[in-house]
Structures are given as C-alpha cells and as structure tokens.
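Line by line, the protein sequences give chains E and G. Per this note's numbering, the first sequence runs over residues 2 to 219. Per this note's numbering, the second sequence runs over residues -1 to 733. Ideal Cβ placement from N, Cα and C applies to all residues, glycine included. Take a look at the structure below.
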Amino acid sequence: MGSARRSTIVIHSRKNIFITCLLATAWMAALAFGGRVLFKYETTAGQVGPVAANWPASSTVPRVTGKPTLLMLAHPHCPCTRASIAELAQIMAHAYGKANAFVLFTKPAGAGPDWDDTDLRHSAAAIPGVTVLTDENGAEAARFGAETSGHTLVFDPSGTLIFSGGITASRGHAGENAGESAVLAALKQEPTGRERAPVFGCSLTGRTSMSGGKLCSK
Amino acid sequence: MFEVGEMTAVPGAAGARAEELFQQHRRQIFRQTDQLFARLMLFQWVACIVLALVVSPQTWDGAASRVHIHVWSALLIGGAISLFPVWMTRVWPGAAVTRHVIAVAQMLMSALLIALTGGRIETHFHVFGSLVILSFYRDWKVLVPATVVVALDHFLRGIYLPYSVYGVLAASPLRSVEHAGWVVFENVFLVISCLRSIKEMRFIANRTAALEASDQRSRQLFDDAPIGMAVVALDTEKFKQVNGSFADMIGYSEEELMARTPLELTHPEDLAETRRSVEAILNGTDRCAVEKRYLRKNGDVLWASRTACVIRDKDGQARDFLVMVEDITERKRAEEAVRETQRALHDAKMEADRANQAKSEFLSRMSHELRTPLNAILGFGQLLERQNPTVQQRARVEHIMSAGRHLLNLINEVLDISRIEAGHLQLSVEPVAVAQVLEEALDLMRPLAADRAMELIVDKELENDLHLLADRQRLKQVLLNLLTNAVKYTAVGGQVRVSVERTHSNITRLVVSDTGAGIPTEKLARLFTPFDRLDVEQSGVEGTGLGLALCQRLMQAMGGNIGVESVVGKGSAFWIELPAVDSPLSALPKRRNAAKDDAVAAGGGKILYIEDNLSNLTLVEQMLAEQPHIELLTAMQGGLGLDLARKHLPDLILLDLHLPDLRGHEVLARLRQDAVTRAIPVVVISADATARQIQRLMTAGAQNYLTKPLDVREFYRVIDETMRSPDRQPEAAVA
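Shown next as structure tokens:
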C-alpha cells in the first residue's frame, strides 16, 4: 500500500516536472518575445516628412523676429506626447524669455469642437512662454513637414531651421535626451551638436494608417 | 520578548521533532507566501491593465485611433508574467522553484510597470517593495534571482537604452553598479531579517518540541495511570478527558464518557455528598477525597475513593476538575464481610456469654445444692466422732467423712477450674515469700506424712529472702497439691523433698520430688488431663483427678509453668516455675530517709491492716514503725479483721482484696453494713490496678485505693489525708 502510494506520487511528480519545464520554457520565450516587441515599440521613431529649411511664408503662426522660435506639432490625444510636453516644460524652464514657443495641436477636418480640448493641451498651455494653437486640418504640420506628434522645430531669429526632431529618448519616456539638449542649445543660440533627432509619437496626418503602417511608428 | 540565543538544541527524539516542526513551519510560511504572491500577481496584472487603459488607452493616427500597445502589453505580457507563477503556486505550493519563479516574475512585473509608466522614477519603488515582500518567504536565497533580474535589466538597459533607466544619454557602467548596489544594500538587511526569522523559528520549534515532549509525558502519565483519572469541565460539567483505567472501571467507552457528566454516573444516594464536595473545592478547599458509589454501564455499583482538585488557568481562575478514582469495591466487600464476621462473632460471644453465665449459674447452684447436704453430712459426721462411737461405728463414720471430704474437694476443684476457664478467677499477683507459703503448706502436710512415716525435707536454699511473683493463696494451693500427691503416691517410709533451682536470670523453679514408683514416660502427657488418674483408681489412693489439671491452669494464670520429670522405680519430680522478684522490704532502707520526710503528720491513731501476705504485712509494719504515735493492728484473714475492727474501732483500715477466707470486697461490704464499722475509712491495697476494679471498690465504699507495689510517698500521703479527714469519726459512729 505504502510503496504503491509512493510510486503514484513519484509518477505524478515527474509528470508535473515535465509540464512545469514545458511551461517554464514557454513562459520565458513569451516574455522574451513580449519584451522584444515592447522594446522595439519604445525605440522605433515616427515618420518625418520634408521639413522646410526656412520658416514657411504661408504659415499662419506669428513668428516673432529677434528670437529663436520653437514650434512643436502635437496630436492632442497622443499619450506618448505627454513625455514630449514634459520635456518642453524642462526646456522652457531653462530658456524662458530667450525664445518664442508654440505648440500646434492638429485638428483633422470634421473633428468636433472639443477635439483638442485635452489634458495634453492644458499641460502645454500651462508652460510659461508657450503659446498653444490649433492646427486646423494639419495645415501647419504639412507646411513644416511634421508627420509625428512631438516633432519639434527650432528656427533662428532669421527664420532658418536649426533643429528638427523629437525631444524624448524613446516613446513616452521623459528624461534627458539628445533632442532635448540640442533644442536647449539652439534656443540659447549655442552650437547644438546635432540638427536632427528621431521623433517618438503618434502620427499627425493619418497617412500611416492609410498606408497600412503602424500607428505611432514610422 | 525572548532571547533566541538562549535556547539550546533539543537532543534525541525531541530534537528530531523540533526539526520536523521547524520544517513544517517553513513549509507553512512558503505556502502562505505563495498564496500571497498568487493574489498579488493577479492584482498587479489587473493594475497594469487599468494603468494602461487610463494612461495610454489608444494610439492615434490623425483622427483614427486604436488600442495602444501598452494595453496589449499589460494584457498579454502582464498575463504571461503573472499566470505561470500563479500556476506554480497551485502545482508546486511551497516548492523552492515556485518562489524563485515568483521572484523573477515579480521583478519582471516591476520592469513592465516601469515601461508602462514611461520610466517614471516613482515606479522604481516597486522594485524595492517587491524585494521586501519577497523576504516574507524568510528565505534569503529567493532574493538572489530577483536581484539578478534587476541587475540584468539595468545592465542591459544601461548599455542599450541608458536614458530609459538613468535618464542620461551616456551612462557610466558604474551607474549600473550603483543602482544594483542600492538593491544589494536593501538585500543585506532583508537577508539579516530572514536569518533572524529562521533563528526565531528554530527557537519556537525547539520550545514547542520540548513542550510537546513534556505534554506527552504528562499525557502518558495520565493515560497509563493505574488509577482512574478524568478532567471535568467546570462550565459544562462534562468529562473533557478520561484515561483508560477510568473507562474500564466504569464500563463506558471514552467517547461515551465525553458526552456525560460525573453526576450522571453517581449513585443517586451519593449525589448530595458529591455536590457538597464539589462546592467545598470551589469554595477554596485544595482537594477533597470522598468515598462514593458510581453506577457502571451494566448497572453494577462501583465503590470508589474519589479525590478531586481544581485546575486553574494562569490567572488563577478555576477551569476544570481533576478527578482521581480508585476502585475500592473489593475493599468495601471485605469490610462488609469483616463487619458481618464481627457481628457473627459478637452474636457468638453473646451466646457464649449467655451459655457461660448459665454454666456459672449452674455451677453456683450445684455448689450450693451440693454443699448444703455436704454440710449436714460432714457436720453430723464430726458430731458422731465426738460421741465416743464404737470401733465399728468409728470406721463407718470415717468412711462417711472421707467420702464427704472427697466430694467437697471435688466440688471446690471443679469450681476452680470452671472459674479459670471462664476467666473469672481473681488473682492478686504480687511478691510472695516462698518460705512462708511453703512452711504453711508443710504444716498442713506433716500429719499425713507422719502417718505414712515419710520424711519431708526442705533444702536450705529456700530462705526467707526468696520471693516469687504469684498469688499467695493459689501458690500455696499448688504447693499443697504437689506435696499431697507426693505423699499419697510414695510408699510408706519414703521421702519427699522440696528444692529450688534457678533456671535463668529471674525464673525460679520449685521442685517437689519423691521416691515413689515413678510414672511411665508414655503416661506423662496425660498427667494434666482432668479426671485422668493414670489408672491408679484401683490402688486405693483417694483422688479426684483434677488436682494437677487445676495446678496447671493456676500456674498459667499466674504467668508460670508446671512440669514433671519421672523415672519409673526411682520417683517423680514435679516442678513449677515463676519469676523471682526482690523482697518488697529490700527497698525499704533506701526509702527510709524519704519516708521520714513524708511521714504522717497527723496525730496518733490505730490502723488495722488486713493482709494475708506476710511480706506485705512486714513492709507496712516497718513503714509505720517510723510513726510511733500510730498503733498497727494486723489480721491475716478477713473474718479476723472484721472482729478486730469491731473490737478496736481503728482510725483506718488497710484492706487487701485476696484473703484466704473472705474476699476483700466482701470484707468491705460487711464493714459498711455494720453500723459500728460503717464510718471507719477503708483504704484498699491491691495488685489489681484496673480502672474497673478501682471504680468498683470506690463505689462500694472504699476511701482510697493504693496499688502494689506500694509507693511509700503515696502511701504516707494517703494515710495522712485519710486520717485528717473530717469524716473520720468512728467513735461518733459507736456513740
């Protein structure tokens, strides 16, 4: 009786060990795969269109001469842009008064009046020195060649583009990054070290989805 | 609370039990913590999903949107992270692999949360919190995989995405070390905490094992006790615990007893007493023992000695009763049997007493009825002898007288034996001067010896100083009997000798030897059988066949022995043995000075001393010789004493109880009945010191009672007190 019972336990344990090993392997594989996907998502930058080398004359954004002008084009609903707004707040804290800053929230055609009345817009509006505007039907984005939310452009006082790109290190990640440093240097009219940086955020234009690409990706 | 370090390892079986308890406790903690993490994992999973739905529910492409990848990550990756450990807790609860998987999963969950919150530094606290929760396992090893995961995560991110963890573009490798260092810093204290917890768990296990061992011993003592033991709850009054002995005793199983109260098992007649004993204990009596009856399951009565005491809790509150029960049914039966036997014996004794009383009455009546005609026969026979009968008539009168005396002796001896056997023989055992008693006996024997031309010889060793402890009258009776036999059964011209031998320290043997025909050895054993005359009935020698039998009983009654040695053709030697004692007079000179001091202070007077023992007479004579103003009169017979009392009206009478003619209480009664002597104070002097006897004489009118041997100081005190008494007015009585 005792030995039979012991045998049953042994068989049962072996079976469990096998299943456990199998599940553990699948578990690790799944986690590795999931981690890779997430990592890739976080580190994949968005699309950037043909950026104007000079301030477009047709732009309705009131550029003020004598100071560098910072222009961020953002999607009012993009969660990833929260990090960009946070970084913009950091930049403006360091360059307050040294530049004019605008955040243009795109509003697609046919969108309701509350389309851009979001916490993101409120956050941007709360940053001292930042002017929030609505980019009706993404016209300004098109003029400046921005296709991804969080795309930041810096023009020198003469209207020449001196920086174009994102100011976050990865998607949705706040913190010090190359774009942020370059923008800050540009606003202080110092050497930026780089004129381009990847942009991480949602698509502004809707072309990505129409072309079958990923949302929030290039 | 307690010092863990003071607990030493428990040796032997208790040590193994301690290890078992420790492992059991650890397994329990592992399983409980597994369950905690299973729930935590599920909670974190849900929290991740909620977080993703709130923070980044959708991703946008212009006006179009769809579910954000964070939501899918929370759902799928979070699910993957959580479900496998949860499954492990179900399949491998408490296993080391389970908690290590949980540790890895928990750290991965931290990584996921950090990713979902966009690398918020606050989310990193989840890592530290997770390590603390992992220490709930009290297994420091589980912190290792968790720390490795954190370190790896930081290391890899530090290489590929330094800004995602350090917030800088190019992090130094030392930043990874620094971050891991903080984790290790926390781990150090968590490891210390785990080790301390393990130590405490071992301490608890050791103490629990020791307590279990102690409890086991107590339980074994309880269970294996040869007497019945039970614990009764005070609140429910039911049995809480019983041992096998009690169950066997009462006939119920232990389970059946648990549903009952002791009162339900108690005999109805003992319920009140049982309740009283319980109340006594509750009112403060430490323990209470009663003998009571239980009713067995089969209805039989069980007599038990039940001792109960209260078991109190640590606050001193009475909680239970401890009851110890011993089966005394057999003892009770035996006691009942003894009582029955005692009743039977008492009844038998009463019956025997009644029979004895009837026998005594019969003997008394027979004695009276026989003595009355004998008195006439012997009286008139003596008158005929005095009327100058013819030779033929004298011979006939001699026959009548001889037969009458024979019959009188027979009656006396039968009555004596009867008294001895009935325990009614009154003896006054005291120092007796053997020479005087022997001389009196020889005086009586000399005429018979002269008739038979026999020589009576007494050894010179028999001096006056030799005193034996005996009743004087009965010693004389025995000696007379032995001398009579020696003279009767020895041929004419023979010789009878009385000698003395000291057998050992204080036993003296008196030997009466003769030169008779001797007795065959085979007949010696019959010598002391009543009415067995050893076939000498035809020899013409008169005898009742009761003499030696009576002598034997008298000697035994006096604490002595009797025996015989005989050689056929040479003669027989009958001996008696009695303890030798000092003469009462020998101590007198030593006490003389003291006697003077205590001498009678009263004025002069007459004292009459009625005593048959010459030694006692001499003693009192010498004691009173110191008092010249006191005149001492003596009488050795009761009748003479009564005469002297009437004639001289003494101031005090000293009265012995054993007198040859009248018994002492008879003399006392006559003194009290006589108007002339009624007022004379009487002090009884006797060897009988029993309270009953003293009470009897005092009631009969004695003024005081002195016991032999006499205490001189007491003697003087009593004489003085009695002669000073205002009641002492014999003259007045005469007047």
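Asked: Reduced DSSP secondary structure (H/G/I, E/B, other) of Ser613/G; Found: helix
Asked: Selection of the stretch 45 to 67 of chain G by Cβ proximity to chain C, strictly under 8 angstroms; Found: In the displayed structure, chain C is absent; the protein chains listed are E and G.
Asked: Asn591/G, DSSP secondary structure in three states; Found: The predicted model places Asn591/G with a pLDDT of 49, which falls under 50 and marks its position as unreliable; any figure quoted below should be read in that light. Helix, per DSSP.
Asked: Closest by C-alpha distance to Gly173/E, when choosing among Leu185/E, Ala100/E, Gly50/E and Cys81/E; Found: Cys81/E
Asked: Cut-off 6 angstroms between Cβ atoms - residues of its own chain near Ser150/E, not counting five sequence neighbours on either side; Found: Ala75, His76, Cys79, Thr82, Gly202, Cys203 and Leu205
Asked: C-beta contact flag for Val566/G and Ala515/G at 8 angstroms; Found: yes
Asked: DSSP bridge partner residues for Cys286/G (one or two, in chain order); Found: Ala306/G
Asked: Span of the alpha helix (DSSP H), counted from its first residue to its last, around Tyr158/G; Found: Leu141 to Tyr158
Asked: Cα-Cα separation between Glu520/G and Arg531/G, rounded to whole angstroms; Found: 14 angstroms
Asked: Any C-beta of chain E under 8 angstroms from that of Trp138/G; Found: no
Asked: Cβ-based neighbour list, Val432/G, same chain, cut-off 6 angstroms, excluding 5 preceding and 5 following; Found: Leu464 and Leu466
Asked: Short-range partners of chain G found in the stretch 192 to 207 of chain E, where Cβ spacing is below 7 angstroms; Found: Cys203, Ser204, Leu205, Thr206 and Gly207
Asked: Rounded separation between His152/G and Leu209/G - CA only; Found: 50 angstroms
Asked: Contact with chain E by Trp90/G, beta-carbon distance below 8 angstroms; Found: yes
Asked: Closest by C-alpha distance to Leu481/G, when choosing among Asn504/G, Ala489/G and Ser511/G; Found: Ser511/G
Asked: Where Lys330/G falls: helix, strand or coil (DSSP); Found: helix
Asked: According to DSSP, residues forming a beta bridge with Tyr703/G; Found: Val682/G
Asked: Chain G contact residues for Tyr97/E, given Cβ-Cβ distances below 7 angstroms; Found: Near Tyr97/E there are no residues of chain G at all, since even the closest Cβ is about 22 angstroms away, more than 7 angstroms.
Asked: From Ala175/E, Pro192/E and Gly176/E, residue whose alpha carbon lies closest to that of Ala183/E; Found: Pro192/E
Asked: Nearest candidate by alpha-carbon position, reference Phe40/G, set Leu51/G, Ala78/G and Ala62/G; Found: For the record, residue 40/G in the displayed sequence is Leu; it is not Phe. Of the listed residues, the one whose Cα sits closest to Leu40/G is Ala78/G.
Asked: Cβ neighbour criterion (16 or more within 10 Å) applied to Leu343/G; Found: exposed
Asked: Integer Cβ distance of Leu185/E from Ile128/E, believed to fall under 8 angstroms; Found: Actually they do not touch by this definition, with Cβ atoms about 14 angstroms apart.
Asked: Short CB-CB distance (under 8 angstroms) between Phe82/G and chain E; Found: yes
Asked: CA nearest to the CA of Ser564/G, picked from Thr488/G, Pro582/G and Val102/G; Found: Thr488/G
Asked: Val125/G - partner residues in DSSP beta bridges; Found: According to DSSP, which records beta bridges pairwise, Val125/G is partnered with nothing at all.
Asked: Cβ of Ala178/G within 8 angstroms of any chain E Cβ; Found: no
Asked: Cβ pair count under 8 angstroms reaching 3, the stretch 446 to 461 of chain G against the stretch 635 to 649 of chain G; Found: no
Asked: Three-state class that DSSP yields for Glu428/G in the structure shown; Found: strand
Asked: For Glu198/G, the nearest candidate out of Val240/G, Phe20/G and Phe126/G (CA to CA); Found: Phe20/G
Asked: Bridge partner(s) assigned by DSSP for Glu324/G; Found: Ser303/G
Asked: CB contact flag (Leu300/G, Val229/G, <8 angstroms); Found: no
Asked: N- and C-terminal bounds of the alpha helix (DSSP H) containing Pro199/E; Found: Element bounds for Pro199/E: n/a, residue is neither H nor E.
Asked: Straight-line Cα distance separating Glu419/G from Leu548/G; Found: 10 angstroms
Asked: Residue-level contact to chain G via CB, His152/E, 8 angstroms cutoff; Found: no
Asked: Through-space distance from Met399/G to Arg369/G, alpha-carbon basis; Found: 14 angstroms
Asked: CA-to-CA distance, Thr542/G to Leu525/G, given in whole angstroms; Found: 13 angstroms
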